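A.B. asks:
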């Protein structure tokens, strides 16, 4: 999928990842820190994590196609591409913590008590993965925006 309706697919797909990855991270963090939120957000979080995980490699591949069309990619574009290649790790991390959150939710819903240690491990992992995902989305997007727009938009 290189082009969608005449527009490079990366330009369109990246907007989904830029919105869904941080949103999923925020939902996951809410789930582990606020039990009432987990009741409502656990399944949407898992679904969003799966969608983000599926869209990330599609977005990266579309970006590689666009990158390869450049006769001489700039240093900023190279930085964006290199950072973009790491996004799959954040997406997989989000999917894993979302799955663990759902596991704990189902386990506790069946009348079992998840141990304090397990809850702490899942909470810490979720906060770390969530924050790392949001930072990485920013870093990738910043490099991409600077590669595309340079200083034009900032005046």
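Residue numbers (the UniProt record's numbering): 1 to 155. Using N, Cα and C, we set each Cβ at its ideal position, and we do this for glycine too. It should be emphasised that the depicted structure is a prediction, and the values quoted were computed from it without experimental measurement.
1) Which residue from 25, 68, 13, 15 puts its Cα closest to that of residue 127?
2) Starting from the C-beta of residue 123, find all residues in its chain whose C-beta is less than 6 Å away, skip the five residues before and the five after it, and write them out in chain order.
3) Take residue 48 and list the residues in its own chain whose beta-carbon comes closer than 7 Å to its own, dropping the five residues that flank it on each side.
4) CB-CB under 7 Å to residue 77, same chain, minus the five flanking residues each way: which ones, in chain order?
5) Within 10 angstroms of the Cβ of residue 117, are there 16 or more other Cβ atoms? Answer buried if so, exposed if not.
6) Would you say residue 22 lies against chain D (beta-carbon separation less than 8 Å)?
7) In its own chain, which residues sit with a C-beta less than 7 Å from the C-beta of residue 156, not counting the 5 before and 5 after it?
8) On the criterion of 16 or more Cβ atoms from any shown chain inside 10 Å, does residue 4 qualify as buried, or is it exposed?
9) What did DSSP end up calling residue 8 once you bin it into helix, strand or coil?
10) Which residues in the same chain have their Cβ closer than 6 Å to the Cβ of residue 93, if we skip the five residues on either side of it in sequence?
11) Mind checking which residues open and close the alpha helix (DSSP H) that includes residue 149?
12) Under 7 Å Cβ to Cβ from residue 9, same chain only, skipping five residues before and after it: list those, please.
13) Rounded to the nearest angstrom, how far is the Cβ of residue 106 from that of residue 119, given a contact under 8 Å?
C.D. replies: Answer, in terms of the structure:
1) Taking each of 25, 68, 13, 15 in turn and checking the Cα distance to residue 127, the smallest one comes out for 25.
2) If you ignore the 5 residues before and after residue 123, its C-beta comes within less than 6 Å of the C-beta of 32, all in its own chain and listed in chain order.
3) These residues qualify, in order along the chain: 20, 23, 24, 27.
4) Excluding sequence neighbours, residue 77 sits near 67, 70, 147.
5) Residue 117 counts as exposed, since fewer than 16 other C-beta atoms from the protein chains shown sit within 10 angstroms of its C-beta.
6) No chain D appears in this structure, which consists of one protein chain only.
7) The shown model of the chain, from 1 to 155, leaves out residue 156, and the question about it has no answer.
8) Counting other Cβ atoms within 10 Å of its Cβ, residue 4 stays below 16 and is therefore classed as exposed.
9) Note: residue 8 maps to strand in three-state DSSP.
10) Taken in chain order, the residues that qualify are 129.
11) For residue 149, the enclosing alpha helix (DSSP H) begins and ends at 116-149.
12) Answer for residue 9: 1, 2, 3, 62, listed in chain order.
13) The C-beta distance from residue 106 to residue 119 rounds to 14 Å, too long to fall under 8 Å, and the pair is not in contact.
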